[in-house]
Structures are given as C-alpha cells and as structure tokens.
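Protein sequences, first through last, are from chains L and Y.
Take my numbering: the final residue in the first sequence is number 234, and no numbers are missing along the way.
Take my numbering: the final residue in the second sequence is number 1234, and no numbers are missing along the way.
Step one of this worksheet: look at the structure below.
Protein chains: 2
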Amino acid sequence: MNTHVLPIIGYHNSPLSQKFGVPRQPNLVAVKSHIRFVVPYGTPDAFVGIERYSHLWILWQFHHNKEQANFRPQVRPPRLGGNDKIGVFATRSMYRPSGVGLSVVGLDRVEVVDNQVILHITGADMVDGTPILDIKPYLPYVDGVNGATGFDKPTGRNVVFNDKAHDEFDVLIKSGLLTTDDKALIGELIAQDPRPAYRQSEIGVVCAMRYGAVDVDFMMNEWGVMVVSGVRVI
Amino acid sequence: MNTHVLPIIGYHNSPLSQKFGVPRQPNLVAVKSHIRFVVPYGTPDAFVGIERYSHLWILWQFHHNKEQANFRPQVRPPRLGGNDKIGVFATRSMYRPSGVGLSVVGLDRVEVVDNQVILHITGADMVDGTPILDIKPYLPYVDGVNGATGFDKPTGRNVVFNDKAHDEFDVLIKSGLLTTDDKALIGELIAQDPRPAYRQSEIGVVCAMRYGAVDVDFMMNEWGVMVVSGVRVI
C-alpha cells in the first residue's frame, strides 16, 4: 500500500483534557487554546505574515483513535442519532483512513517564547495534547464557498446553572481557578450537548465534563440542561 | 521525530497533465476532473450520503515536490511576485513539512464502475496523477467563516484568441479532441496567468500549456494575453 508520511509539528494545549466536552465542530464555542511547536517548526521565521489572516486551518491527528486493522467504510454519526450508518467520506468522523482532522479556528495572536512560536487560537475542536500536522491560512475568497449546501448548524440546548452550581462556581472564581469567562464558556460547551448520541434523550442522569482543573456535573431535564455542580479536581 | 502515516486512497485524473496551467487555488476555474479510488477505499458503501453536499474537501499529496532534507521556514509566494519571503505557515505553498494540499471542489456526481466509485468533481487545482489522502464533506455552517479576512481574489487577465488560434481550435473541436467548453475553459485557465511569478511581466514571449492532448501557445502583450495556437500533441 502506498502511503504518505507527515511530521508532527506541534501539540495542542487546551483546558479540555478529555474528549467529553470538546465541541463536535470548530468555531461553535470560542474556547481559547494554543499550539506549541516542536523544533525546528516553531521558528518565528515560519510564521512571518500570518497576522494578515483572521482564521487558520489546522490539520491534526485523531490520536485517541485505536488503529483499525481493516478499512471500515461506514460510520454512525451523532447527528443521525448514532443509529443510521453513512459513508465515511460523507462525514467528518474521526474514524477514517487518514486519521486527519481539519478545523478552521480563529487566530488570536502569535507569541514567541525562547525563540519558539506559540500560536494562540480560538474555537478549536481538538482535545488537549492533539498532535498538529499543518497550519494553513484561511483564504476567504477560496474557502468560503457561496451557496454551498449541506447540513445546517445544530441548535444549542438551553443551559441553566442551579443555585448550588452558582455557589460552587463563585468559589472556583474567587480561588482563581476559573474566570467568569470560563464559566460562560462552560455553559456554551454544555449547550452543544457533549453526550454521545445514544444518551442524548436521557433525563435526570448526571454527566461530568472536565474543564481545566474543574469537574462540571450537568443533567438534562424536560426543558433543557441544568448545571448542578462545579468542583475542583483533587 | 514523531510522524503520522496516511494511506493513499485514490488518484486524480485531469486534462491538466503538467503543473503549468493548473490554477493556483481551487474553484477559480471550473475544470472538470475525477478521482479513482483504490481498493478497498472505493467501495460505494463509503460514499453513501455524499450527494447531500454540493462541495467537498480534498486532502492530497504534493507528489511533484522533491523531498526536502531540511525544514525551510520561508517561501516566495507568486502573489508577492516571487521576490518577498514569507513564513511557510502563512501560505498555502506546496513546499511545506506536511506535503499536504487542501482544496475545496464542487461535487458533480458519483459514478460506480465495477463496484468502485469514481468521484466527478469541478474546480480542482491538482495535476493529473495527484495522490488523494482524504475526502470530507464541506460543511457550510462550519467552513464558511463570516467576516474572515485575508487576501482578495486576484483579478484575471483579459484573454483573446487570435485568428490562427481560432482556426486551429475549430479543427481540434471538429476532430472531437476538444469541445467548445474546453476552449472556453482554456481561456479561463490562461486568464489566471499560469506563468511563474518572475515571468509574469514578460511581453511577447510564447508559453505553452498542455490541456488533454492539446498544446496551447499564448503570450502576453500590452493589454492582456493573446492565445496564438492550439495544436494536437503528437
């Protein structure tokens, strides 16, 4: 079999250290994260001119996947409720021959530390530790296709923090472990419903999402999602 | 060095058999081409549902590049006249560590021959023979970023066929080697000015672009580009 080999040029750092909670597509939630490059790819020379662009493409590795012994031509995407099968090339599923993810993210700023670039980005749908394969500028006149058709944006769920959760987040914010921005972002992440498709109709069952050093408990009730707890991870 | 290995899942077939003439970005010229997959990736099952999308992402290999012994952090992109250097990660240059190209193309239709898929596409900026690494649907609500900033679309050059070229194309069209659509497309390809950046100010110098079995000669004069000849390749 013919293959193509890419070097891993860097790694993604994010408060989302577990797959659970990571948005299913980029740019749905303005999570802030950054990419640290490995030598020699992080040299500032390689990024000259990148500030002209507001957005970047990230090519990355689905490194949490197990190796597949054989090609599996179909997957069950969450948007179809996890029941219907569809062709892998008709999805952005992580279970694909290339094992490569493609995400458009916002470019926040380029930081240089010890002559190595740290790229600060917004809206990544990649877990902490994700290996990075390439960075390309987003070219609006090429990549933004007028009149392209496909699926619409999923509507977010209604999210409310209950009194206990409010109090616990106040403690976490006062202790400096979270900011009020983090709290708002956690609400937006939960609004995307990180639960696997087969669990998305469950009522009254508590799920836990880790954000930085905090575990957030939430559950679905009849009208939306209630955040019931936010506690420091010991 | 950590690496990621991808299988080559198919190959691109196009009338543009040489790099010269291939548009510098996808979707600038509606060239029709197709991708033939290799076993097992071309099974129809793997494409079920793909017709819901008008556009696709193609990940492909810059297979004409020579291997680079060392990482070169900067390139000289054609849009800067080939003189100014810029960081490789601020460009879509083919000379990059990943060696991976990313193109959005139109999906024309899915053909099945001998139980293997042939994907007919429009607007590819890939040469004939390009190895294909992945196919993903274009998701308008994710990939079409509102308000993204970067460079504007380059304006095409004014193209005119002279009398000799008109006559020669008439012969090629009557012989069935080209269609009138092909002739119009050849004009659009030349309007993109396929000449390397350092030659784009040349006046009165003839260049040759191959399209299918035809060599097309053109040259720049004071007001635009003149197509001077279209002849069958022996």
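For glycine and all other residues, C-beta sits at the position ideal for the given N, C-alpha and C.
Check residue i in the structure and name its three-state DSSP category.
i, result
"HIS1055/Y", "strand"
"HIS166/L", "helix"
"VAL1155/Y", "Strictly speaking, residue 1155/Y in this sequence is Thr, with Val absent from that position. In the structure shown, THR1155/Y sits in coil (DSSP, three-state: anything other than H, G, I, E or B)."
"LYS1019/Y", "coil"
"LYS136/L", "strand"
"PHE161/L", "strand"
"PRO1026/Y", "coil"
"LEU189/L", "helix"
"ILE173/L", "helix"
"ARG1109/Y", "strand"
"VAL233/L", "coil"
"ILE245/L", "The structure shown does not extend to residue 245/L, since chain L is modelled only from 1 through 234, so no value can be given for it."
"PRO194/L", "coil"
"LEU102/L", "strand"
"VAL1228/Y", "strand"
"THR122/L", "strand"
"VAL1088/Y", "helix"
"VAL142/L", "helix"
Looking at the C-beta of residue i, does it have a partner C-beta in chain Y at a distance below 8 Å?
i, result
"ASP182/L", "no"
"ILE35/L", "no"
How would you list, in chain order, the residues of chain Y whose beta-carbon sits under 7 Å from the beta-carbon of residue i?
i, result
"ARG96/L", "ASP1134"
"LYS153/L", "TYR1141"
"THR43/L", "PRO1073"
"GLY49/L", "ILE1086, GLY1087 and ALA1090"
From the DSSP output, which residues share a beta bridge with residue i?
i, result
"TYR211/L", "VAL214/L"
"HIS12/L", "ILE35/L"
"HIS63/L", "Paired residue(s): none; HIS63/L is not in a bridge."
"GLN1068/Y", "Partner(s): none; GLN1068/Y has no beta bridge."
"LEU6/L", "HIS1004/Y"
"PRO131/L", "TYR11/L"
"VAL1048/Y", "In DSSP, VAL1048/Y forms no bridge with anything."
"MET220/L", "VAL225/L"
List, in chain order, every chain L residue whose beta-carbon is nearer than 8 Å to that of residue i.
i, result
"GLN1061/Y", "HIS4"
"ILE1009/Y", "PRO97 and SER98"
"PRO1235/Y", "There is simply no residue 1235/Y to check, as chain Y begins at 1001 and stops at 1234 in what is shown."
Identify the contact partners of residue i in chain Y, using a Cβ-Cβ distance below 9 Å as the criterion.
i, result
"LEU102/L", "TRP1057, LEU1059, LEU1102, ASP1134, LYS1136 and ASP1143"
"GLN200/L", "In chain order: nothing, as chain Y lies at least about 19 Å away."
Do we get a CB-CB distance below 8 Å when we pair residue i with the residues of chain L?
i, result
"LEU1016/Y", "no"
"MET1001/Y", "yes"
"GLN1074/Y", "yes"
"GLY1099/Y", "yes"
Strictly below 8 Å CB to CB, what residues from chain C border residue i?
i, result
"VAL1088/Y", "Note that chain C does not occur in the displayed structure, where the protein chains are L and Y."
So residue i packs on residue j, CB below 8 Å; how close in whole Å?
i, j, result
"VAL100/L", "LEU1059/Y", "6 Å"
"PHE1151/Y", "ALA90/L", "Contact flag wrong, Cβ pair sits at about 31 Å."
"TYR228/L", "ASN162/L", "Note that residue 228/L corresponds to Val in the displayed sequence, not to Tyr. About 6 Å; that satisfies the 8 Å criterion."
"CYS1207/Y", "MET1226/Y", "The pair is not a contact, with the Cβ atoms about 11 Å apart (cut-off 8 Å)."
"ALA1191/Y", "ARG1157/Y", "5 Å"
"PRO194/L", "PHE20/L", "5 Å"
"PRO1044/Y", "VAL1117/Y", "6 Å"
Residue i versus chain L: which residues are under 9 Å apart at the beta carbon?
i, result
"SER1054/Y", "VAL145, GLY147, ALA148, THR149 and GLY150"
"PRO1078/Y", "Within 9 Å Cβ-Cβ: nothing; PRO1078/Y doesn't reach chain L, min ~14 Å."
Cβ closer than 7 Å: which chain L residues qualify as neighbours of residue i?
i, result
"PRO1040/Y", "PHE71"
Can you pull the chain Y residues whose beta carbon is under 8 Å from the beta carbon of residue i, in chain order?
i, result
"ARG92/L", "LYS1136, PRO1137 and LEU1139"
"ASN27/L", "VAL1142 and VAL1145"
Verify the contact flag: residue i, CB atom, against every heavy atom of the ligand COA, threshold strictly below 7 Å.
i, result
"ASP182/L", "This structure simply doesn't include the ligand COA, nor any ligand for that matter."
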